[in-house]
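The number in the working numbering is simply the position in the sequence shown, starting from 1, with 102 added. Note that beta-carbon positions come from the ideal geometry of N, C-alpha and C, so glycine has one too. Nothing here was measured: the structure is a model prediction, and the numbers come from that model.
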Amino acid sequence: MLLSELEQQASDVNTPPEQLRRLAAQDTAIAQQVARNPSADLDLLLELGAKFPTELLNNPIFPLLMLENPDLLSQMPIATLRAILRLETVPIRFLNWAAAHPDPTIQRIVVQHRSTSKSAIAALAQSSDLWVKETVAYHRLYAEELPQREWKRNALSALSTLKFKQNKVTARKLMDLGLVPEFLIEQFDWECRVEVAKGSQLSLRVLERLATDLIHDVRWAIAANPQTPPRLLEKFAKTRDWQARACVAANPQTPPHLLAYLLREDSDTLHGATRRALASNPNLPVSLLYALAKDKHRDVRCQIAHHPRTPADLLVQILAETEDADVGRNAARHPQLPQAMIAQLAICADASLRGAVARNPQISTSLLIQLASDPELLVRKSVALNPGLPESCLKQLAQEPELYPELAQNPSASSRLLARIVEAGNHWLCSKVAGNPATPPALLGKLANQEAPTIDRALAQNPQIPPSLLAVLAKRLDPETRLGVARHPATPGWVLVEMTKGALDEELRDALAWHPNMPGKLGSATNACAFGLEVLIEELPGDTPSLSRFLLLMNEGTPATTLSKYVHSLYWPDRFAIAQNPNTPDQFRLYLHEDTHQLVQATARACSSKQFARLPR
């Protein structure tokens, strides 16, 4: 039957109610016709009213139903009641009645509706919902009129009292993109402030503000931030907070004289946290490396033994003097170790040292060949991991299945050897091959065909996997595999878009939203993609709006089509952000001229009258 014929049946008052119910389930357009039909059952009409409130309200039977049952509003589904109350044409008596409704969302709809009476607004001032009470305080019918010229001061005051929904990953991204005004930083909860303090695009004022935060985790993040200026680092270095001093000690931008000061001050402390942090600093001066090489804490000596700046003579000294096996092994693997010492360790009696030197990237081919025949399996396993292994050694070691796990990871392994390991191995061994960047695409495809989660996860981490296989992995059900694809730098944009369809957990959504290959860039002010924008500004569950949504609605790079979706938002910060956005179309700003919230109204009018100045960034 043609759609037009079905629609005709749906609108025919002679169509039986049972048939109307069946028709409503077939198509949206047909269901809309049924919502207008006075012959439809009451329960069906109320159900359809959630999607078609105008049709329900204009249905000829609706006034009669209200006369027959004065309590009909309280008995209808909550979704339908909300939809009706959102209509501009809703009867004022409905709004007055709904002002006493216990549902907070109903109260929020009523308090921002332009037809709500002053008496209803006054009644809502007694609401237990804090959001409703705050909105009433600025309602144009309830509160004293605010001077338009003072909109900015009043806005800052009002925004400072709100509690926005927050996401710490989003907070960090928005901060790095320069989308967070300084006056809103204190609105972040402590977890978000910690993430913000780790950012790479913080202004000096923000760094100074967060450096005095009451939460120590925030201060520690600032002490560890490479953007923090030396004068702030010096304050942290001289505090009694040992964790803050350790953060300064590990900061790669801490000046040498301050690092030397920290070593002197921490020389007698028992826990040695500062010295451990110093040993991890990639820019540690050589003089301090010598001092820490004899530290009483073995983990400090271990770090010095593999520090990238440790000189050759100090490595030789460490090997000569240490009795700690871990310290010795770290020194044996160090690329600055002299060839003479490498040769000496290759024939030493300690098998763990021979194994360690076999991993040294500077070991000669002749020594590798020699160690490939070492009687200790531990040593041969280390040889099998060395990426500089010659073909002859690979063939020799391939005769030992015990070495397959190491050979499967070696980027020098031939495609024939990797294929042999796949044929002989289990899923765990295959996953090693799947993660090897030297594995040829054909073999990667064969591994993908096994559809084993352990293999798929390794494939999604392989830096050389072809985009076509990433598209295959994107359809897997395993969450870790999909997350790996969403984070892979080579994942094509169309694959990322496909992955956005359906239910997504927060971690996966964040990975997709901020992926550089996601199509539809938002604008020059931000790297967020179109999907990323939708993720960030979407309606979050709970009683408060999203801080990220507020910031992006205020951002001039946000498309006008997105702004239009929130011009009727129940939350005044959304409407306030749109009112001061330079990209807001004139018709929406004119609509906000008559907003029920005084701050939104004043902001929209100030913008239109060219008295507009954005909130401070």
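Taking C-beta atoms under 8 angstroms as the contact rule, P384 and P410 qualify, at a distance of about 6 angstroms.
Look at S106 here: in three-state DSSP terms it is helix. Straight through space, the alpha carbons of R403 and P440 are spaced by roughly 19 angstroms. The Cβ atoms of R435 and H408 lie closer than 8 angstroms to each other.
In the assembly as shown, D415 is an exposed residue. Its beta-carbon has fewer than 16 other beta-carbons within 10 Å. In terms of Cβ geometry, N564 and A526 do not form a close pair [threshold 8 angstroms]. With three or more CB-CB distances shorter than 8 angstroms, the region 495-505 counts as touching the region 473-487. Straight across, the Cα-Cα distance linking A260 with R677 is about 14 angstroms. Around the CB of K497, fewer than 16 other CB atoms lie within 10 Å, so the residue is classed as exposed.
Secondary structure of H699 (DSSP, three-state): strand. Less than 8 angstroms divides the Cβ of L694 from the Cβ of A706. Runs of alpha helix (DSSP H) with 4 or more residues, each lying fully within the region 348-418, are found at 358-367, 375-382, 388-394, 400-407, listed in chain order. For S454, the three-state secondary structure derived from DSSP is helix. H241 counts as buried, since at least 16 other C-beta atoms from the protein chains shown sit within 10 angstroms of its C-beta. Residue pairing for S648: DSSP places it in a beta bridge opposite K267.
Per DSSP, the beta-bridge partners of H241 are H699. Each of L312, I317, P332 was checked against the Cα of I324, and the nearest Cα belongs to L312. Annotated three-state conformation of W616 is coil, per DSSP.
In this structure D607 is exposed. Its beta-carbon is surrounded by fewer than 16 other beta-carbon atoms within 10 angstroms.
For N198, the enclosing alpha helix (DSSP H) covers residues 194-200. With respect to E293, V308 sits apart: the two C-beta atoms are not nearer than 8 angstroms.
About 6 angstroms separates the Cβ atoms of I557 and H529, confirming a contact at the 8 angstroms cut-off. DSSP, reduced to helix, strand and coil, places P119 within a helical segment of the structure shown. Counting only residues of its own chain and dropping the five nearest sequence neighbours on each side, P647 has a CB closer than 7 angstroms to the CB of F266, K267, Y673, P675, D676. Annotation for K534: the continuous alpha helix (DSSP H) segment containing it runs 529-536.
The C-alpha of Q682 lies about 12 angstroms from the C-alpha of T660. Scanning E236, Q329, T341, L258 for the CA closest to the CA of N353 turns up Q329.
At the C-beta level, Q419 and A448 stay beyond 8 angstroms of one another. Look at A500 here: in three-state DSSP terms it is coil, with no helix or strand label.
Going by C-alpha positions, L417 is about 8 angstroms away from Q438.
Distance from the CA of E423 to the CA of Q303, rounded to the nearest whole angstrom, comes to 45 angstroms.
Inclusion of E157 and I132 in the CB contact set at 8 angstroms is not warranted, their separation being larger than that value. Looking at V597, P621, P581, N551, the one whose alpha-carbon comes closest to that of P569 is V597. Boundaries of the alpha helix (DSSP H) harbouring E157: 155-160, taken from the DSSP string. In the structure shown, T541 adopts coil according to DSSP, grouped into three states. Judged by DSSP in its simplified three-state form, I465 adopts coil rather than helix or strand.
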